[in-house]
Amino acid sequence: MDLDDRELLEELIIESQEHLSAIEPDLMALEQGVGGEETAERVNRIFRGIHSIKGGCGFLGVETVQNLTHQMESALMRVRAGKLEVTSALVDVLLEGTDRVREMLDDVGNSHQVDASAVYAALEPFVREEAAATDDPDAAPVLNEPEAAAEPEPVQPPPDTPPEEVAVREVAAKTSGFIPLQKKAAPAVEELNPVPAAGDPLSPEAGKEAGAPAPSPVEVPASPEPLSGQDKAEAGNGPVPGRSGHSEVLRVKVDLLNQLMNLAGELVLARNQIVQSVENKLAETPGGEVLFTATRNTVQDSLRRLRAMVTEQRQQQLLDDEAARVLTDQVGREFAELQENLLKVLPTRLSDLAGMNATVVNIDAVTTNLQENIMRTRLQSIDAVFGKLPRQVRQLAKQVGKTVNLEVTGNEVELDKSIIEALSDPLTHLIRNSLDHGLEDPAGRLAAGKPEAGRLAVRAFHESGQVIIEIEDDGRGINPEIIKQKALEKGVISESESLRLDSRQAQELIFAPGFSTAEQVSDISGRGVGMDVVRTNIEDLGGNIDLDSQLGRGTIMRLKLPLTLAIIPSLLVKMEDRRFAVPQMSLDELVRLRHGDTKNRIEEVQGAEVLRLRGKLLPLVRLDRVLGLESLAAAREEKRATHILVLKSGNNRYGLVVDEVLDSEEIVVKQLPAALKDARCYAGATIMGDGSVAMILDVLGIADFAGLRFIESGSELGAEHHGEAYIERTEGQTLLLFNSAPGGEQFALNLALISRIEEIPSTSIQQVGGKEFLKYQDGTLRLVRLHDYLPVARPDHEPEELYVIIPKLVRHPIGIIAYDCNDVITTRAEIERNDIKETGLLGSAVLDGVMTLFLDIFSLFEMADPETYRQESYQAASVDGARVLLAEDTSFFRAVEKKYIESLGATVVATKDGQEAWNLLSQDGQHFDLVVTDLEMPLMDGLELTRRIRASERWGQVPVVALTSLGSEANRQTGLEAGVTAYETKLDKEKLAATLRQVMEGVCAHA
Amino acid sequence: MRDRQFVSFQMGGHLFGVDILVVREIIRRVDYTPVEHAPEAVRGLLNLRGQIITVLDLGPTLGLPPRQINASSRCIILKTEEETAPLYEAGLIPEKTPGDAVGLLVDGISDVVDAEEGDMDAPPANRSDVEVEFLNGVIKLQDKLLLVLHLENLVNAGLGQAVGEA
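Just so you know, the protein sequences line up as chains A and B, in that order. For the first sequence, our numbering gives the first residue as 83, with consecutive numbering after it. For the second sequence, our numbering gives the first residue as 124, with consecutive numbering after it.
In structure tokens:
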């Protein structure tokens, strides 16, 4: 088959597919049965579509399609003639027929392998009286397009009648546009149809030999549309005239478009190069001019080719709509201007950078504009996928015996062609899931108090440069408990993991590999393709998927997709002097660790590095190790800083350690050569502004390569490895770490005690009476320097900028001056009391290798401002001498609370949880006047402890003060019911003292 | 007898040749970006006017030491399979070129050698330093032997694909 014929056939197939797509919604609408003129017009449209397919396929000898469409047409003719009612059964069989036709067209060469016997059989009753029919489509008023004139009697000859020569010749004569194509059509038929070439009715030879066996009615073309290469403009107006909403059908060859894209890409590069050369002021170096000239030539070259390309398309009338004109005009005008500007600037030998800048701005704007325009030509409306939904849903609903109301919105939203193509399967799968698992059956829905018909909404819309697709059902929702159970059974998660998953995390398990919720493998969704495949597919498109499901209320699946895959925003990073691009889409955040922090924040868990990030453990991957680059600079042990890109792939996140973070830049994605297809760490390559190649990293591939294994929830990673379930449940404390002098001791202060941290110029500190003050808000704030009260290093000079830590939970705040704030960490470290016995300090702990002093701001402030703070201590005199049992799991709080209560004159026995406290209370010979307990504790919590105390004869009357970090009312109520005497907030020393005093006085009063 | 022209170049002290019909251009720039996790012969990627070129060092595949980059290093850019398909179908070249644009890293370029079909001898089986399957034949020049490469076999071997596959 020569090229032209192949093109002809391709054209035919594309057109026929378009017809099919147009027919389906009409068929389904027909079933809804509006009646009247609208229905008649629908039937006509369907008929015309089928008829055109039949004609085209007949012309090119695709007999399988021709025969089937003939049969369908016959049924439709009867409908038109009012001899046949439109029934659901008829619609079914016609839809079935369009399916078979589609299959045949998908692989025309093997179309005879498509088994359409069922359709034929089902159509039989609808066409039985066909022989008697006198319908003639030509007579129908609907076929009033110009080409109808060329249309011969479409159907009639019985199978054994030879085709009518006359009609054939007439056609040839009438439609002169056909003539040049006649010869070319012949070989096409040979290839398509190994059976005798009866399908070549237009060639005179065929006419003569027309006696050759024709196994089925042979038909001459119904319409010149699929054939006339010269007539594209008309075809562009839509294959089915009169169909609304599809006025701009653009038929551009994909590879041509790809070339345009590449050229636009080159322009983007050229622009980047110019931008860079200006930035580098290359004019000052001798080579600058040469480079500039070269760049200019590149731009001009690209331009020339781009213009040629567009002109060529214009000539071929492939781009026949507004876009082509806009494109050509724009390219012509703006680039002429650009060229002129470039030439103007060149003679000035680049000394005039201002002029150059204008050019750069210009080139920048033009390139961006052009790029967007060309990109737009690749965009297709999502209707290509959404249009199929009503059909699919109808069929599926029937199969599963459910009633569904489908709402589709956003059909006009546009996406890159390649994304749309790849979207079909995952979307179908999600819809199937919703229908099969999501929606209840009618009885179940009524029982749940919902309308009998389920609701399925599919929406597409734009959001911050991305396209969002939502699939929402009002079904039963995803039951996290069942999911967990299934996941356990299938070994997707372990017992301990299942305990830690919250309901949302459990729901996310449906995306885990090896998980499928189908009770049994059903026809609809249990096809061995799990949701993990859906997720992978979506991620391959550079998108992601998440779900929002409420039990009994329904589920929303949300897909986020990029508009295009060709040009993406990315972040450039550097590793070992190599540059790499990371798609912004996968980037969550950037973390920069200073040298000192690296040790603190990065821990090793079973040989794998993890980063502590806001209390969670993030697995780390070192890019140099993944790529085997480390040997290049083994000596580079101590680096200035560590940059960590927090990357997300699905719901998992990991940190990628790189040397340097450079700019963010829009990059043109170039496909990897086949030689690198096995290198899964790369998603592609791109060209930088300086012309060098940089690899685009594949976020998923790297995680894979590095052997990262995520618990699907992706959150509490390390805990599992630690096997520290106990510690996991104790509260951590969040600490601010700071220095009061460069290189001096590291201090820690609980974040709960800090109101604000202000950065101030040191000159704003005022001296009054030997004390330092800062104008703060409406008043003045007393400041203290730690080295004035504690035996710690003092700075040798006053820096320009200082930090002031302003505490809270104290009545008279005093600002603490810090030289530098290092970090905020969450830790469960134990405070050592023994080695440091200074007033103003609670104790010390080694935090990731650094000795850290914990401040006791209350005793510190007592030293700094004895008058104000001493008085308050006396107020708690009634607690003096009391014996207090303290239960607190967090060692820091335990130390602080013990110290507070002791400062009131009481004796404190501290225990680390309710169990230990209860054990102590159960021992003989113990005496306590008061129990102070935390509520949240492992083994036995404060409520349980209180209940046991109240239930015991011996301790029933002892007052219990409960401490909470958050004074929530609900907690308070449960606590009071359990028998708690009073509540107080942790760390508020003054209030705690007051409460303890009240409680003790109350005891005294009762006694 | 058809005249053929060969681009001759040095690698590891040998003189090799490829048919001039498969050569798109020869460039001086060898500033490729190295790529890890790539097959043995792949040194990296190079930007040639917006097109990504896979830079191959076929030395190790031929049993020669890897190329050292110096002033005389050159990169021979081959036409792609698509570009050479008409030549191949017309029988003008005996083998297909790779589907992607590749550049061969060589130590230096020598003359273009004119030869008639008959000048080329079958590769001698006793040359142990270069495997016979990587050669189309040899051409005796005045003082040297020009080893004409079987590019398809050689590139496939360098990229880790089985020789004779497809």
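By construction, the Cβ of each residue, glycine as well, lies at the ideal position given by its N, Cα and C atoms.
Three-state secondary structure (DSSP) of residue 464 of chain A: What you label residue 464 of chain A is simply residue 382 of the first sequence in a count that begins at 1. It is coil, neither helix nor strand.
For chain A, check one thing: does any of its Cβ atoms lie closer than 7 Å to the Cβ of residue 159 of chain B? Here residue 159 of chain B is taken as the residue at index 36 of the second sequence, counted from 1. At least one chain A Cβ lies under 7 Å of residue 159 of chain B.
Determine the closest residue to residue 675 of chain A out of A:660, A:663 and A:694, with distance taken between C-alpha atoms. Residue 675 of chain A sits at position 593 when you count from the first residue of the first sequence. Ranking A:660, A:663 and A:694 by Cα distance to residue 675 of chain A puts A:694 first.
Quick one, which of B:236, B:262, B:274 and B:238 has its alpha-carbon nearest residue 246 of chain B's? The residue labelled residue 246 of chain B in the question sits at position 123 within the second sequence. Checked all of B:236, B:262, B:274 and B:238; the closest Cα to residue 246 of chain B is B:262.
Could you name the residues of chain B that residue 351 of chain A contacts, counting a contact when the two beta carbons are closer than 7 Å? In the first sequence, the residue the question calls residue 351 of chain A occupies position 269. The contacting residues are 173.
Taking 6 Å as the line, does the beta carbon of residue 245 of chain B fall inside it for any heavy atom of the ligand FAD? Questions concerning the ligand FAD fall outside what the structure shown contains, since it holds no ligand whatsoever.
Does any residue of chain B bring its CB to less than 7 Å from the CB of residue 495 of chain A? The residue you call residue 495 of chain A lines up with position 413 of the first sequence. Not closer than 7 Å to any Cβ of chain B, the Cβ of residue 495 of chain A fails to qualify, so no.
Coil, strand or helix - residue 938 of chain A by DSSP: Taking the first sequence and counting its residues from 1, the one referred to as residue 938 of chain A is at position 856. Coil, per DSSP.
C-beta neighbour in chain B for residue 1092 of chain A, strict 7 Å: Past the boundaries of the shown model lies residue 1092 of chain A; chain A is included only from 83 to 1089, so the question cannot be answered.
Measure from the C-beta of residue 889 of chain A to each C-beta in chain B and report whether the shortest distance is under 7 Å. Translated into the one-based positions of the first sequence, residue 889 of chain A becomes position 807. No, no contact with chain B.
Would you mind telling me which residues of chain E sit closer than 8 Å to residue 711 of chain A, beta carbon to beta carbon, in chain order? Here the protein chains are A and B, and chain E is not one of them.
Give the straight-line distance between the Cα atoms of residue 883 of chain A and residue 857 of chain A, rounded to the nearest whole angstrom. One-based indexing of the first sequence puts residue 883 of chain A at position 801. One-based indexing of the first sequence puts residue 857 of chain A at position 775. Answer to the nearest angstrom: the Cα atoms are 16 Å apart.
With a 10 Å radius around its C-beta and 16 neighbouring C-beta atoms as the bar for buried, classify residue 789 of chain A as buried or exposed. The residue you call residue 789 of chain A lines up with position 707 of the first sequence. It counts as exposed.
Looking at the C-beta of residue 774 of chain A, does it have a partner C-beta in chain B at a distance below 7 Å? Against the first sequence, residue 774 of chain A aligns to sequence position 692. Yes, residue 774 of chain A lies at the interface with chain B (some Cβ there is under 7 Å from its Cβ).
Within 10 angstroms of its Cβ, does residue 143 of chain A collect 16 or more other Cβ (buried), or is it exposed? On the first sequence, residue 143 of chain A is found 61 positions in, with the first residue counted as 1. With 16 or more other Cβ atoms within 10 Å, it is buried.
Closer than 8 Å, Cβ to Cβ, to anything on chain A: give me those residues from the region 124-156 of chain B, in chain order. 154, 155 and 156
Does the beta carbon of residue 744 of chain A sit closer than 7 Å to a beta carbon anywhere in chain B? Walking along the first sequence from the start, residue 744 of chain A turns up at place 662. It does not; no Cβ of chain B falls within 7 Å.
Rounded to whole angstroms, what's the CA-CA distance from residue 177 of chain A to residue 151 of chain A? Just pull it up for me. The residue labelled residue 177 of chain A in the question sits at position 95 within the first sequence. The residue labelled residue 151 of chain A in the question sits at position 69 within the first sequence. So the alpha carbons of these two residues sit roughly 12 Å apart.
Across the region 765-777 of chain A and the region 726-741 of chain A, are there enough close Cβ pairs to call them in contact, namely three or more that are closer than 8 Å? no
I'd like to check one pair, residue 1046 of chain A with residue 1017 of chain A: are the Cβ atoms closer than 7 Å? In the first sequence, the residue the question calls residue 1017 of chain A occupies position 935. In the first sequence, the residue the question calls residue 1046 of chain A occupies position 964. Contact: yes.
For the alpha helix (DSSP H) holding residue 152 of chain A, just list the boundary residues, first then last. By 1-based counting over the first sequence, the position of residue 152 of chain A is 70. Residue 152 of chain A -> alpha helix (DSSP H) spans 145-162.
If residue 169 of chain B and residue 226 of chain B are in contact, beta carbons under 8 Å, what's the gap, nearest whole angstrom? As a position in the second sequence, residue 169 of chain B is number 46, starting the count at 1. As a position in the second sequence, residue 226 of chain B is number 103, starting the count at 1. With a Cβ gap of about 6 Å, residue 169 of chain B and residue 226 of chain B count as contacting.
Consider the Cβ of residue 756 of chain A: report whether some Cβ of chain B lies at a distance smaller than 7 Å. By 1-based counting over the first sequence, the position of residue 756 of chain A is 674. By this cut-off, residue 756 of chain A is an interface position.
Interface flag, residue 759 of chain A vs chain B, CB-CB below 7 Å: By one-based count along the first sequence, residue 759 of chain A stands at place 677. No, no contact with chain B.
Secondary structure at residue 155 of chain B, three-state DSSP: helix, strand or coil? Indexing the second sequence from 1 puts residue 155 of chain B at position 32. Here residue 155 of chain B sits in coil by DSSP.
Can you name the residues of chain A whose CB is closer than 8 Å to the CB of residue 177 of chain B? Along the second sequence, one-based indexing puts residue 177 of chain B at 54. In chain order: 755, 757 and 758.
To the nearest angstrom, how far is it from the Cα of residue 1021 of chain A to the Cα of residue 161 of chain B? Sequence index remark: in the first sequence, residue 1021 of chain A carries index 939 (1-based). Sequence index remark: in the second sequence, residue 161 of chain B carries index 38 (1-based). Cα to Cα, the separation comes out at about 54 Å.
Apply the 10 Å Cβ neighbour rule to residue 193 of chain A and answer buried if 16 or more other Cβ atoms are within range, or exposed otherwise. Along the first sequence, read from residue 1 onward, the residue named residue 193 of chain A stands at position 111. Buried is the call here.
With a threshold of 16 other CB atoms inside 10 Å of the CB of residue 1043 of chain A, please say whether the residue is buried or exposed. Taking the first sequence and counting its residues from 1, one reaches residue 1043 of chain A at position 961. Per the 10 Å Cβ criterion, buried.
Chain A within 7 Å of residue 185 of chain B, Cβ atoms only: Working through the second sequence from its first residue, we reach residue 185 of chain B at position 62. By this cut-off, residue 185 of chain B is not an interface position.
Quick check on residue 201 of chain A: buried or exposed, where buried means 16 or more other Cβ atoms within 10 Å of its Cβ? Numbered from 1 along the first sequence, position 119 holds the residue referred to as residue 201 of chain A. Result: buried.
8 Å contact criterion, which residue 835 of chain A and residue 1069 of chain A should meet: CB distance rounded: Reading the first sequence from its first residue, position 753 is the one you call residue 835 of chain A. Reading the first sequence from its first residue, position 987 is the one you call residue 1069 of chain A. Yes, residue 835 of chain A and residue 1069 of chain A are in contact; Cβ-Cβ is about 6 Å, under 8 Å.
Three-state secondary structure assigned by DSSP to residue 243 of chain B: Counting from one through the second sequence, the residue named residue 243 of chain B turns up at place 120. Correct three-state label for residue 243 of chain B: strand.
Residue 276 of chain B: contacting residues in chain A (beta-carbon distance under 9 Å): By one-based count along the second sequence, residue 276 of chain B stands at place 153. The contacting residues do not exist; residue 276 of chain B stays about 15 Å from chain A at best.
Under 7 Å between C-beta atoms, does residue 492 of chain A make it to chain B? In the first sequence, the residue the question calls residue 492 of chain A occupies position 410. Chain B, which has no Cβ nearer than 7 Å to the Cβ of residue 492 of chain A, makes this no.
With DSSP as the reference, label residue 794 of chain A as helix, strand or coil. Numbered from its first residue, the first sequence carries residue 794 of chain A at position 712. The predicted model places residue 794 of chain A with a pLDDT of 36, which falls under 50 and marks its position as unreliable; any figure quoted below should be read in that light. Of the three classes helix, strand and coil, the one that applies to residue 794 of chain A here is coil, per DSSP.
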